[in-house]
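Peer 1:
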Amino acid sequence: MVGYIKQVLLIASTVFAAEYLPAQNPLITYQYSADPSARVFGDKVYIFPSHDILANENRGRPGWFCMEDYHVFSSSDLTHWKDNGVIVTQNKVPWVRPDSYSMWAPDCIYRNGKYYFYFPSTPKDTTVNGKGFTVGVAIAENPEGPYLPQEMPIKGIRGIDPNVFIDKDGQAYLYWSEGNIYVAKLKENMLELASQPQVLTHLPDKGLKEGPYMFERNGTYYLTYPHVANKIERLEYGVGKSPLGPFTVAGVIMDESPTGCWTNHHSIIEFKKQWYLFYHHNDLSPAFDKARSIRSDSLFFNADGTIRKVIPTTRGIGVTQARSKIQMDRYSAISNDVAIDFLDTANKFDGWKTMFNEPTAWVQYNSVEFGKQSPVSVVLRVASTEGGTLEIKLDSINGPVVAQIQIPNITGWKLIKTSLRTKVTGRHHLVAVLKRGNDASLDWIQFE
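FYI, the numbering for the sequence shown is -17 to -1, 1 to 431, going by mature numbering (1 follows the signal peptide of the UniProt record, and there is no 0).
Have a look at this one:
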C-alpha cells in the first residue's frame, strides 16, 4: 500500500504541466477539454474539466466519448490559465476499470483543510454499486494536487456528473444524474452518504437531464442542469428555498448550440464581484462533437434574482494585455464581410485567422489593457494575395486611428511592424478595419 501511495503522489510531478497560456474562448486551445467545474480557492479560479481524447481501435469506443484522465487549470486573472498537469488517471485508481475511458464530468470542493475531487467512472467490480457508472473521490492538500484516489467508490451511488454543495450551516450535499437528478447528504468525512438518495422532482419530465450544479445567492438555491428539451442540450435552472428542493423551473441559462454540439455542461461561480458561467462547445472540432473545449462568459442576474440568458461569445472573459498577442478572431463584434477560419485545417489546435473580404470590413476586440506607459509600435501577422491597407482604431469603428498598416502582396504569412500615430494608455477596445483591398487575413496583433 505504501508503494501504491508513493506512485499516486508522483502523478502530478511527472506529467506535463504547461506554462501560463493566454486564452479567450475556448480557454484551452492545445488539447480538448469539457465539463468544466470551476471553483474559487483563495485568490485563484481553478477549473476541473474532463479531458476528451480521440478514441481508436486500441482505446475507447470509436465515434463516442473517450476520457482517461483529469487535468486542473488555474488562473488569477481569468486570462492566463496554467495547466497544473494530470491529477487523476484511470489506471491509477484502484476501483476503476483501467480500460474504461469513462472519466466523465468531475467536481472539486474544499473542506477542513483538504480538497475533495469527485469523479465518475466504470468500476472493475460491478457487485459494489451495480452495473454502469459510480462516483469516487480523490483527496489532496492543495488544489493542484497531488491527489490520492480512495480505494473504493462512494457506496450507494449509481450515476454520473457529481456536484458537491456545502450549505451555510456546514451540511454538504452530493448531486448526480442517471436519467433523473439525485441528491443525498454527505457525512462530515465527505466520503460517505449520510442520507438515502432522493430524486429531485418538479423538473422537466421529458428529455434527458444531467450535469447538476447547485449554488446559492441571497437565500435562493439555484439548481442548474443541461436538458434536452428538443434535440440537443440547453442549460436550464430551477429555484428553491432548500438544497433539497422542491425546485421551480425558472428559465434557460443558455440556448442550444447554434452549430449542433449535442452536449453542454457547466458551472457557475462568483469571482471578484462578478458572476461567470463556464461551459463547453466543440470549437476545435466542429465536425465531431465528442471532442469539446471549455469556455466562459459573464453571467448577470435581474433584480428579481432570475438569471439573464447568456449569449455565448468567442471573446470570453478576462482582460488582454496590449503587449501580448491579441487574437482578433476571438472577437467581440464583427461585420458581415469578415469570416473566421482555422489557420490550418489539418491542425486545428493552431487556432484561427480573421479574413477581411471587402473594404470597410471590420472586427472589434474588447478590453485591451495598455497600462500607464504607451507602446510605440504595433506588429501584425498578416497575409494577402492582393495587398491592402489595414487600420487599427480605438474603442469603436468611428474611433481614432492609432496605426495604419500597408500590407503588400504576400505569399504566406508576414510580420509587419509600424509606429503608432499617437500615445495609448489605459484600457480600450480595438477595432481592425480594412480600408483598401478585398483579400487580407490577420493572425494576431501585438503592441511593443
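All residues carry an ideal CB built from backbone N, CA and C; glycine is no exception.
Buried or exposed: which applies to D324, given that a residue is buried once 16 or more other Cβ atoms fall within 10 Å of its Cβ?
Peer 2: Counting from 1 along the sequence shown, the entry for residue 324 is found at position 341. D324 should be labelled exposed.
Peer 1: For D333, which three-state DSSP category applies?
Peer 2: Walking along the sequence shown from the start, residue 333 turns up at place 350. Note: D333 maps to helix in three-state DSSP.
Peer 1: Relative to the alpha-carbon of A274, which residue among S160, I11, E127, P226 has its alpha-carbon at the smallest distance?
Peer 2: Within the sequence shown, residue 274 is the residue found at index 291, counting from 1. Of S160, I11, E127, P226, the residue nearest in Cα terms is I11.
Peer 1: When DSSP labels each residue in this structure, what does N340 get in the three-state scheme?
Peer 2: As a position in the sequence shown, residue 340 is number 357, starting the count at 1. If DSSP states are grouped into helix, strand and coil, N340 belongs with coil.
Peer 1: Count the other C-beta atoms from every protein chain shown that fall within 10 angstroms of the C-beta of T328, then say buried if there are 16 or more, exposed otherwise.
Peer 2: In the sequence shown, the residue the question calls residue 328 occupies position 345. Classification of T328: exposed, given that the 10 Å Cβ count is below 16.
Peer 1: Is the separation between the beta-carbon of H185 and that of F230 shorter than 8 Å?
Peer 2: Taking the first residue of the sequence shown as position 1, residue 185 is located at position 202. Taking the first residue of the sequence shown as position 1, residue 230 is located at position 247. Result yes, Cβ atoms of H185 and F230 sit closer than 8 Å.
Peer 1: What separation, rounded to the nearest whole angstrom, lies between the Cα atoms of T207 and S281?
Peer 2: Along the sequence shown, one-based indexing puts residue 207 at 224. Along the sequence shown, one-based indexing puts residue 281 at 298. Near 16 Å, if we compare the C-alpha coordinates of S281 and T207.
Peer 1: I'd like the ranges of any beta strand (DSSP E) spanning at least 3 consecutive residues and lying wholly in the segment 7 to 63.
Peer 2: Listed in chain order, they are 17 to 24, 27 to 33, 52 to 58.
Peer 1: How about P126 and F24: are their beta carbons less than 8 Å apart?
Peer 2: For this step, residue 126 is matched to residue 143 along the sequence shown. For this step, residue 24 is matched to residue 41 along the sequence shown. Against a cut-off of 8 Å, the Cβ pair of F24 and P126 comes out as a contact.
Peer 1: From what residue to what residue does the beta strand (DSSP E) around M197 run?
Peer 2: Residue numbering aside, residue 197 sits at position 214 when the sequence shown is read from its first letter. Counting along the chain, the beta strand (DSSP E) containing M197 begins and ends at 196 to 200.
Peer 1: As a quick exercise: from F102, T289, D312, pick the residue whose alpha carbon is nearest that of V118.
Peer 2: Counting from one through the sequence shown, the residue named residue 118 turns up at place 135. Among F102, T289, D312, the Cα nearest to that of V118 belongs to F102.
Peer 1: How is K214 classed by DSSP in three states: helix, strand or coil?
Peer 2: The sequence position of residue 214 within the sequence shown is 231, counting from 1. Coil, per DSSP.
Peer 1: Between which residues of its own chain and residue 436 is the CB-CB distance below 7 Å, once the five residues before and five after are set aside?
Peer 2: Any answer about residue 436 is impossible in this case: the structure gives the chain only from -17 up to 431.
Peer 1: Suppose the cutoff is 8 Å on Cβ atoms and the five residues either side in sequence are ignored; what does the same chain contact list for K(-12) look like?
Peer 2: Reading the sequence shown from its first residue, position 6 is the one you call residue -12. Any answer about K(-12) is weak, because its pLDDT of 39 lies below 50 and its placement is not dependable; what the coordinates show is given next. Closer than 8 Å at Cβ, skipping near neighbours: no residue.
Peer 1: Determine the contact status of F198 and V28, defining contact as a CB-CB distance below 8 Å.
Peer 2: Your numbering for residue 198 matches position 215 in the sequence shown. Your numbering for residue 28 matches position 45 in the sequence shown. No, the pair does not count as a contact, with Cβ atoms beyond the cut-off.
Peer 1: DSSP has P136 in a bridge; who is on the other side?
Peer 2: Locating residue 136 in the sequence shown gives position 153, where the first residue counts as 1. P136 is not bridged to any residue.
Peer 1: In three-state terms, what does DSSP make of N74?
Peer 2: To locate residue 74, count along the sequence shown from 1; it is residue 91. Three-state DSSP puts N74 in a helix.
Peer 1: Give, in chain order, every unbroken run of the beta strand (DSSP E) that is at least 3 residues long and sits entirely within the segment 272 to 307.
Peer 2: Taking only runs of at least 3 residues, the beta strand (DSSP E) segments lying wholly in the segment 272 to 307 are 276 to 282.
Peer 1: What is the residue span of the beta strand (DSSP E) that W159 lies within?
Peer 2: For this step, residue 159 is matched to residue 176 along the sequence shown. Unbroken beta strand (DSSP E) run through W159: 155 to 161.
Peer 1: Going straight from the alpha carbon of D320 to that of G420, what length do you get?
Peer 2: For the purposes of this step, residue 320 is taken as the residue at position 337 of the sequence shown. For the purposes of this step, residue 420 is taken as the residue at position 437 of the sequence shown. Distance between the alpha carbons of D320 and G420: 12 Å.
Peer 1: My output table needs one value for H249: the three-state DSSP class, helix, strand or coil.
Peer 2: Within the sequence shown, numbered from 1, the residue matching residue 249 stands at position 266. DSSP places H249 in coil when its eight states are reduced to three.
Peer 1: Which partner residues of A123 appear in the DSSP bridge assignment?
Peer 2: Sequence index remark: in the sequence shown, residue 123 carries index 140 (1-based). Looking at the DSSP assignment, A123 forms a beta bridge with Y98.
Peer 1: Compare the C-alpha of F116 against each of C91, Y348, A123, T105 and name the closest.
Peer 2: For this step, residue 116 is matched to residue 133 along the sequence shown. Measuring from the Cα of F116, the nearest candidate turns out to be T105.
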